[in-house]
């Protein structure tokens, strides 16, 4: 009894482990997207760039920090130095001396000095630099968003291509099963003398010709799957099965094409940001070259003339220190930039030319994006019509195959006719599946171009 219970336990454990492994080997589109986001190098780089831009903008106030320096030096003069003076020696009374004596003594050639200084220069270009940091932050955020959308599009396209290849392989295997069954049936008929040897060989050739086709499809599937794993940043294996189906979203015929929405396209938005930063750089060149600057500075530099004497140490360095320092406020105006052909004027003209090129490039990019997006919309509408027609073709081909199969079993239709009907059905199913994949690929390109999901696009269209 215990042995039987133990066997039941082992069997249950085996079934549980098998079910768990099977569950782990299934990957959905959402799981693939999440895995790609976690392992993407381009996404990681964009996030780090955004962190740096955030940090630079958060610390933009350091533009008003003064430049502070501390210094210390020990000096020894190569020549001897002395100090002289007069000493009163004969007092006349009431603080008056009628006789004085001159004295002279040598001073130490060694001196110790220490100092600290601070300076700050204010110019309108500082404000331009802060504005530039803001635009740099916007640019980094745009780069991250573009990296996310591009990764999402690539993962979706690869995922649905894998589903398409898997469906194609399944259709090929179904065709092989049908042909194998027809061959077995023909073999029985040949043995009973109902068909000729040529008809039997035709069924065998048709079955064997599908094997190279299946082998090529399996090779393509393995290559595509390897590229997909590389995109996800994981080391996959053959046990992973992709869960999903190639289905067309509802209400796609309600989508409309609005040119105004293309201003948010990543290429256009990136050029807008570049133009804004170029304009800021132009203002900064003008402010630095033609506007006055206010300079504030302060310094403190005490000096001790004999740092190694006993008196200096005994006095705790309170004597003989001499304190020197200064505070200054000055205004300066560059004059060389007003000269014809100066470096500042040349830089300004170059920056103006760059801005004109960027503005022209934006107009060209907007036109290109508009045509590309309009073509995507047109292809989308065509695919919807094609899918309706191809779906009807599948229904007709399926019915034709069913009728042909009935005739073949009754002996009124040749095998080659059955084979042709079966090829027509598989071809119709394959064409429908391929058109659905083409439509989904177009949808993913539209999502990337407009920076929005298809659900958001449909919701916006329905609100209008």
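In the working numbering, the protein residues as written are 158 to 621. Don't be surprised by glycine CBs; every beta carbon is placed ideally from N, CA and C.
Assigned secondary structure, residue i (DSSP; H/G/I helix, E/B strand, else coil)
i, result
"residue 373", "helix"
"residue 492", "coil"
"residue 479", "strand"
"residue 216", "coil"
"residue 610", "coil"
"residue 390", "coil"
"residue 180", "Low confidence applies here, because residue 180 scores a pLDDT of 47, under 50, leaving its location unreliable; read the following figure in that light. Residue state, collapsed to three classes: helix."
"residue 291", "helix"
"residue 498", "coil"
"residue 511", "helix"
"residue 273", "strand"
"residue 152", "Residue 152 lies beyond the stretch modelled for the chain, which goes from 158 to 621, so this question has no answer here."
"residue 397", "coil"
"residue 352", "coil"
"residue 570", "coil"
"residue 278", "strand"
"residue 169", "Its pLDDT being 42, under 50, residue 169 is placed unreliably by the model, and nothing is read from it."
"residue 224", "strand"
"residue 164", "Annotation note: pLDDT 40 at residue 164 (below 50); position unreliable, coordinate value reported separately. Helix."
"residue 199", "helix"
"residue 383", "helix"
"residue 402", "coil"
"residue 185", "coil"
"residue 431", "helix"
"residue 234", "coil"
"residue 462", "coil"
Cut-off 7 Å between Cβ atoms - residues of its own chain near residue i, not counting five sequence neighbours on either side
i, result
"residue 518", "428"
"residue 114", "Coverage of the chain is limited to positions 158 through 621, which leaves residue 114 absent and any answer about it impossible."
"residue 493", "499"
"residue 340", "360, 361 and 364"
"residue 183", "398 and 400"
"residue 190", "309 and 312"
"residue 337", "364"
"residue 522", "424, 425 and 428"
"residue 200", "194, 304, 305 and 308"
"residue 576", "363"
"residue 511", "435"
"residue 396", "182"
Cut-off 6 Å between Cβ atoms - residues of its own chain near residue i, not counting five sequence neighbours on either side
i, result
"residue 445", "282"
"residue 601", "310, 313 and 314"
"residue 641", "Absent from the structure is residue 641, since the part of the chain shown begins at 158 and ends at 621."
"residue 480", "459"
"residue 371", "329"
"residue 393", "386"
Contact test: residue i Cβ vs the ligand MN heavy atom, cutoff 7 Å
i, result
"residue 351", "No copy of the ligand MN appears in this structure; indeed no ligand is present at all."
Identity of the residue in the options nearest residue i by Cα
i, options, result
"residue 544", "493, 353 and 403", "403"
"residue 491", "438, 449, 280 and 456", "449"
"residue 623", "614, 547, 308 and 615", "This structure does not reach residue 623, given that the chain is present from 158 up to 621, and the question cannot be answered."
"residue 623", "586, 531 and 218", "With the chain covering 158 to 621 only, the question about residue 623 has no answer from this structure."
"residue 612", "192, 408 and 364", "408"
"residue 291", "207, 453 and 526", "207"
"residue 229", "459, 505 and 317", "459"
"residue 443", "514, 574, 505 and 266", "505"
"residue 456", "486, 233 and 447", "486"
"residue 581", "565, 554, 452 and 482", "554"
"residue 436", "509, 276 and 520", "509"
"residue 531", "599, 224, 393 and 335", "599"
"residue 502", "453, 439, 368 and 574", "439"
"residue 188", "594, 413 and 389", "389"
"residue 421", "296, 342 and 379", "296"
"residue 595", "526, 379 and 534", "534"
"residue 273", "563, 198 and 223", "223"
"residue 515", "367, 462, 433 and 454", "433"
"residue 279", "368, 410, 454 and 269", "454"
Neighbourhood of residue i by C-beta, 8 Å cutoff - its chain only, sequence neighbours within 5 removed
i, result
"residue 441", "282, 285, 286 and 289"
"residue 353", "347"
"residue 316", "186, 189, 385, 399 and 401"
"residue 198", "390"
- Item | Validate contact between the region 493 to 500 and the region 416 to 436 using beta carbons, cut 8 Å, 3 pairs | They do not touch, by the three-pair rule.
- Item | Cβ contact check for the region 577 to 595 and the region 311 to 321: 3 or more pairs under 8 Å | In short, these stretches touch, since the Cβ pair count reaches three.
- For the region 559 to 570 against the region 281 to 298, are there 3 or more C-beta pairs whose distance is under 8 Å? The region 559 to 570 makes no contact with the region 281 to 298, as fewer than three CB pairs between them are under 8 Å.
- At least three beta-carbon pairs within less than 8 Å, the region 599 to 619 to the region 566 to 577: Between the region 599 to 619 and the region 566 to 577, the count of C-beta pairs closer than 8 Å stays below three; the two stretches do not touch.
- Query: Quick one: complete beta strand (DSSP E) runs, 3+ long, within the region 521 to 551?
  - Reply: Entirely contained in the region 521 to 551, not one beta strand (DSSP E) run reaches 3 residues.
- Message: I want to know whether the region 383 to 390 touches the region 342 to 360 - three or more CB-CB distances under 8 Å.
- Response: Verdict: no, contact absent.
- Query: Hey, which unbroken runs of the beta strand (DSSP E) at 3 residues or more fall wholly within the region 294 to 350?
  - Reply: Qualifying beta strand (DSSP E) stretches: none in this window.
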